[in-house]
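A.B. asks:
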Amino acid sequence: MSKSILVIDTPKHCSECPLLNGSDECTVQDDDANFNASDSWDELMKGCPLRELPKKMKVTGRYNQEYFQKGGKMPSYKVGWNDCVDELTRK
Numbered sequence: 001m002s003k004s005i006l007v008i009d010t011p012k013h014c015s016e017c018p019l020l021n022g023s024d025e026c027t028v029q030d031d032d033a034n035f036n037a038s039d040s041w042d043e044l045m046k047g048c049p050l051r052e053l054p055k056k057m058k059v060t061g062r063y064n065q066e067y068f069q070k071g072g073k074m075p076s077y078k079v080g081w082n083d084c085v086d087e088l089t090r091k
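full-length UniProt numbering applies: residue 1 is where the sequence shown begins, and numbers increase by one.
1. Does the separation of the CB atoms of Val28 and Leu19 fall below 8 Å?
2. Pairing CB atoms from the region 74-85 with CB atoms from the region 39-52, are three or more of them under 8 Å?
3. Whole-angstrom Cβ separation of Trp81 and Met45, contact assumed at under 8 Å?
4. Write down every uninterrupted run of the alpha helix (DSSP H) in the region 2-37 whose length is 4 residues or greater and which is fully enclosed by it, in chain order.
5. Whole angstroms is fine: what's the gap from Thr10's alpha carbon to Gln69's?
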């Protein structure tokens, strides 16, 4: 099965999460997780599948101007990392 990513603003607390239904149940956790959490947000947060996106990396170094004029990119995995983060966030 293929994987998907849903990009949302990370809530500070479960009560602010758009994945919470009207019965204060997390729609992405199973019934057992919701039942075991009972009235405790802390317990529900332990099983939260949301993960923060990685931060962009700082790209350093000097590269030849001619290289860039020909459409070249810096030969660095950091550029690929940052391109991936941009693609995930559509920036």
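Note that the Cβ used here is the ideal one computed from N, Cα and C, for glycine as well.
C.D. replies: Let me lay it out:
1. yes
2. no
3. 28 Å between Cβ atoms; not a contact.
4. 31-37
5. 39 Å
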